[in-house]
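J.: In the numbering used here, the protein residues as written are 18 to 366. Below: one structure in structure tokens.
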Amino acid sequence: MEDLWREDDTTPGAIEAALRRMFVERHKEERAYVPARVMNMVVIADREFRGEVENRLQRVGRFHPSRLLLVLVDPGRTRLAASVRIGTVDAPKSGSISVGRERVSLLVGEKHLKKLDTILDPLVVTDLATMVWSPHGYPEAVDELRQLAQIALLDSQDEQDVERALARADSLSHDTYVVDLAWLRSTPWRERIAAAFDSPRRRPDLKAISAVTVRHREDSLASGVLFCGWLASRLGWEPGALSQGRGKWTGSAHTRRQDIRLTLEPVEMSSPGLAGVTIEMASGQTVSLDRSPGGLRASRRERDGTERAWTVMGASRGEGGILGEGVRQALLRDPTYRPALKSAEAMVV
18 MEDLWREDDT
28 TPGAIEAALR
38 RMFVERHKEE
48 RAYVPARVMN
58 MVVIADREFR
68 GEVENRLQRV
78 GRFHPSRLLL
88 VLVDPGRTRL
98 AASVRIGTVD
108 APKSGSISVG
118 RERVSLLVGE
128 KHLKKLDTIL
138 DPLVVTDLAT
148 MVWSPHGYPE
158 AVDELRQLAQ
168 IALLDSQDEQ
178 DVERALARAD
188 SLSHDTYVVD
198 LAWLRSTPWR
208 ERIAAAFDSP
218 RRRPDLKAIS
228 AVTVRHREDS
238 LASGVLFCGW
248 LASRLGWEPG
258 ALSQGRGKWT
268 GSAHTRRQDI
278 RLTLEPVEMS
288 SPGLAGVTIE
298 MASGQTVSLD
308 RSPGGLRASR
318 RERDGTERAW
328 TVMGASRGEG
338 GILGEGVRQA
348 LLRDPTYRPA
358 LKSAEAMVV
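Laid out in structure tokens, this is it:
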């Protein structure tokens, strides 16, 4: 149930006119047709990786925004090409509302990226928030959209240099709300660590933390540093600089009472993100979380040496659900990310 318009050599005005015309025709044929507009999502990607990006967007499921603007970059292209698709996922039933979905695909050259805001401005729904995601780089194109977009979706893991990655996220956060997939990969770990100290009996242990060890996939250092930044920002630690040596990053955070030793260790694992976290107290107590089949394996060692372990079921959303979680977070606001980002930046300068 889909209408299609396409043109190989076109203009933003012609695309916008086609959108309006297609909506009018759709409403004439189907009065119960309602566009399910949650927000505008602008995706900037290499043309050759179109299938990969579309597969990731398909897995987003119910968090998928209805007005999708897919900008495909073909470096040598000089003309703007576009296609517009408007339709419904399921066939309409008598007496029911048909929930519609909208998709605009643009084929652009590198020269178009310098005026991408002008191209996209007439194509977004003006009373909805706009999110931009550029999984294959093109930071200059994202910068062109800073006045148009309110939300920037990124993955700090994509940048090999963690300092540069965090600095980029910080820069974007000055005029957009940043949703960082590297941060979201640590969500289950942050939730479970917070829960481990949530009871009144365990709260005093937070002031006795003496060491934190984070195990992560080699390319997920950003997730590990952001996790440590979260601890520092929430517990009032003064973050110190991390240094690299013998295959891992080490450093300290400081409090009035004691220093907290920080260690980030890369490990082999199939999925990006964290593999485990261990928090030690000055008394000898430890709290650990590690990946295991079906969830996270939690363990606690008490002062007297007794240990117990259990599995936290369903703790991980899986890599397939990270993008969907990112879209959902775009409609919310996480006040803990920016303070964690600031602390993480102080650790890698």
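The beta carbon of each residue, even a glycine, is placed where N, CA and C say it ideally should be. In this text, all values refer to a predicted model and were calculated from it rather than measured experimentally.
Compare the beta carbon distance of VAL90 and ILE61 with 8 Å and say whether it is the shorter of the two.
T.: Along the sequence shown, one-based indexing puts residue 90 at 73. Along the sequence shown, one-based indexing puts residue 61 at 44. Against a cut-off of 8 Å, the Cβ pair of ILE61 and VAL90 comes out as a contact.
J.: Between which two residues does the beta strand (DSSP E) harbouring ASP197 extend?
T.: For this step, residue 197 is matched to residue 180 along the sequence shown. Run containing ASP197: 194-197, per the beta strand (DSSP E) assignment.
J.: To test your reading of the DSSP string, which unbroken alpha helix (DSSP H) runs of 4 or more residues are found completely within the region 77-161?
T.: List check, alpha helix (DSSP H) in window: 133-137 and 156-161.
J.: How long is the line joining the alpha carbons of VAL366 and LEU36, rounded to whole angstroms?
T.: The residue given as residue 366 occupies position 349 in the sequence shown. The residue given as residue 36 occupies position 19 in the sequence shown. Roughly 48 Å separates the two Cα atoms.
J.: Distance, Cα to Cα, GLY246 vs ARG325?
T.: For this step, residue 246 is matched to residue 229 along the sequence shown. For this step, residue 325 is matched to residue 308 along the sequence shown. For GLY246 and ARG325, the distance between alpha carbons rounds to 28 Å.
J.: Mind checking ALA292: buried by the 16 CB within 10 Å criterion, or exposed?
T.: Here the question's residue 292 lines up with position 275 in the sequence shown. ALA292 is buried by the Cβ-count criterion.
J.: Let me know if TRP150 comes out buried or exposed under the rule of 16 or more other beta-carbons within 10 Å of its beta-carbon.
T.: Position 133 of the sequence shown holds residue 150. Per the 10 Å Cβ criterion, buried.
J.: So, under 8 Å CB-CB, ALA146 and GLN167 are touching, yes? Tell me the CB distance rounded to an integer number of Å.
T.: Within the sequence shown, numbered from 1, the residue matching residue 146 stands at position 129. Within the sequence shown, numbered from 1, the residue matching residue 167 stands at position 150. 5 Å between Cβ atoms; contact.
J.: Check whether the Cβ atoms of GLN302 and ARG320 sit closer than 8 Å, and answer yes or no.
T.: Position 285 of the sequence shown, counted from the first residue, corresponds to residue 302. Position 303 of the sequence shown, counted from the first residue, corresponds to residue 320. Yes, the Cβ-Cβ distance between GLN302 and ARG320 is below 8 Å.
J.: Roughly how many angstroms lie between the CA atoms of VAL284 and GLU33, to the nearest whole one?
T.: Taking the first residue of the sequence shown as position 1, residue 284 is located at position 267. Taking the first residue of the sequence shown as position 1, residue 33 is located at position 16. So the two alpha carbons sit approximately 50 Å from each other.
J.: Pick out whichever of ARG118, THR328, GLU235 and ALA361 has its Cα sitting closest to the Cα of ARG251.
T.: Within the sequence shown, numbered from 1, the residue matching residue 251 stands at position 234. That would be ALA361, whose Cα lies nearest to the Cα of ARG251.
J.: Is the region 264-274 close to the region 192-199, with three or more CB pairs under 8 Å?
T.: No, because fewer than three Cβ pairs between the region 264-274 and the region 192-199 fall closer than 8 Å, the two stretches do not touch.
J.: According to DSSP, is GLN75 helix, strand or coil?
T.: On the sequence shown, position 58 is the one that residue 75 refers to. Three-state result, GLN75: helix.
J.: Given that a residue counts as buried once 16 or more other Cβ atoms are within 10 Å of its Cβ, and exposed if not, what is MET364?
T.: Counting from one through the sequence shown, the residue named residue 364 turns up at place 347. It is buried - the Cβ of MET364 has at least 16 other Cβ atoms within 10 Å.
J.: If you run the structure through DSSP and keep just helix, strand and coil, what is LEU259?
T.: As a first step, residue 259 must be located in the sequence shown, where it is residue number 242. In the structure shown, LEU259 sits in coil (DSSP, three-state: anything other than H, G, I, E or B).
J.: Excluding sequence positions up to five away, which residues of its chain have a Cβ less than 6 Å from the Cβ of ARG118?
T.: As a first step, residue 118 is located in the sequence shown; it is residue number 101 there, counting from the start. Excluding sequence neighbours, ARG118 sits near SER83.
J.: Identify, in the order they occur along the chain, each residue of the same chain with its Cβ nearer than 8 Å to the Cβ of ARG23, setting aside the five sequence neighbours on each side.
T.: By one-based count along the sequence shown, residue 23 stands at place 6. Excluding residues within five positions, the ones whose Cβ falls inside 8 Å are ALA98, ALA99, SER100 and VAL101.
J.: Got a sec, what are the start and stop residues for the beta strand (DSSP E) HIS191 sits in?
T.: Translated into positions along the sequence shown, residue 191 becomes position 174. Here HIS191 belongs to no beta strand (DSSP E), and DSSP marks it neither H nor E.
J.: With DSSP collapsed to three states, give me the class of VAL365.
T.: The residue labelled residue 365 in the question sits at position 348 within the sequence shown. Note: VAL365 maps to helix in three-state DSSP.
J.: I'd like the span of the alpha helix (DSSP H) that includes LYS45, first residue to last.
T.: Translated into positions along the sequence shown, residue 45 becomes position 28. First-last of the alpha helix (DSSP H) with LYS45: 29-46.
J.: Taking the C-alpha atoms as reference points, what is the distance between ASP368 and ASN72?
T.: In the structure as shown, the chain begins at 18 and stops at 366. Residue 368 is therefore absent and cannot be evaluated.
J.: Got a sec, what are the start and stop residues for the alpha helix (DSSP H) GLY241 sits in?
T.: To locate residue 241, count along the sequence shown from 1; it is residue 224. Segment 238-252, the alpha helix (DSSP H) holding GLY241.
J.: Give me the Cα-Cα distance between ARG318 and ASP351, rounded to the nearest whole angstrom.
T.: In the sequence shown, counting from the first residue as 1, residue 318 sits at position 301. In the sequence shown, counting from the first residue as 1, residue 351 sits at position 334. Cα-Cα distance, rounded: 32 Å.
J.: Name the residue from SER309, PRO356, MET298 and PRO289 whose alpha carbon lies nearest to the alpha carbon of ILE339.
T.: In the sequence shown, counting from the first residue as 1, residue 339 sits at position 322. When each option's Cα is compared against that of ILE339, the closest is PRO289.
J.: Does the beta-carbon of MET330 have 16 or more other beta-carbons within 10 angstroms, so that it is buried, or is it exposed?
T.: Along the sequence shown, read from residue 1 onward, the residue named residue 330 stands at position 313. Flag for MET330 reads exposed.
J.: Taking ALA315 as part of the beta strand (DSSP E), name the residues at either end of that continuous run.
T.: Translated into positions along the sequence shown, residue 315 becomes position 298. Element bounds for ALA315: 312-318.
J.: Mind checking if VAL125 is an interface residue toward chain D, Cβ cutoff 8 Å exclusive?
T.: Of the protein chains in the structure, only one exists, and it is not chain D.
J.: If we ignore side chains and look at the alpha-carbon of each, how far apart do ARG43 and TYR155 end up?
T.: Looking up residue 43 in the sequence shown gives position 26. Looking up residue 155 in the sequence shown gives position 138. Rounded to the nearest angstrom, the two C-alpha atoms are 35 Å apart.
J.: Hey, out of THR280, GLN75, LYS128 and ASP307, whose CA is closest to LEU243's CA?
T.: On the sequence shown, position 226 is the one that residue 243 refers to. Of the candidates THR280, GLN75, LYS128 and ASP307, the one whose C-alpha sits nearest the C-alpha of LEU243 is THR280.
J.: Is GLY241 buried or exposed, if buried means 16 or more other CB atoms sit within 10 Å of its CB?
T.: The residue given as residue 241 occupies position 224 in the sequence shown. The residue in question, GLY241, is buried, as its Cβ has 16 or more Cβ neighbours within 10 Å.
J.: Which residue or residues does DSSP assign as beta-bridge partners of ARG202?
T.: Locating residue 202 in the sequence shown gives position 185, where the first residue counts as 1. Beta-bridge pairing links ARG202 to no other residue.
J.: What separation, rounded to the nearest whole angstrom, lies between the Cα atoms of GLN275 and GLY341?
T.: Start at 1 with the first residue of the sequence shown, and residue 275 comes out as number 258. Start at 1 with the first residue of the sequence shown, and residue 341 comes out as number 324. GLN275 and GLY341: Cα-Cα distance of roughly 40 Å.
J.: What does a CB cutoff of less than 6 Å around ARG232 pick up in its chain, not counting 5 residues either side in sequence?
T.: Counted from its first residue, the sequence shown places residue 232 at position 215. GLU282, VAL284, ALA292 and GLY293, listed in sequence order.
J.: In terms of alpha-carbon separation, which member of MET286, SER287, LEU259 and ARG263 lies closest to ILE277?
T.: Residue numbering aside, residue 277 sits at position 260 when the sequence shown is read from its first letter. Taking only the C-alpha atoms, the option nearest ILE277 is LEU259.
J.: Take ASP26 as the anchor and find which of ALA169, ARG94 and GLY311 has the nearest alpha-carbon.
T.: For the purposes of this step, residue 26 is taken as residue 9 along the sequence shown, with counting starting at 1. Among ALA169, ARG94 and GLY311, the Cα nearest to that of ASP26 is on ARG94.
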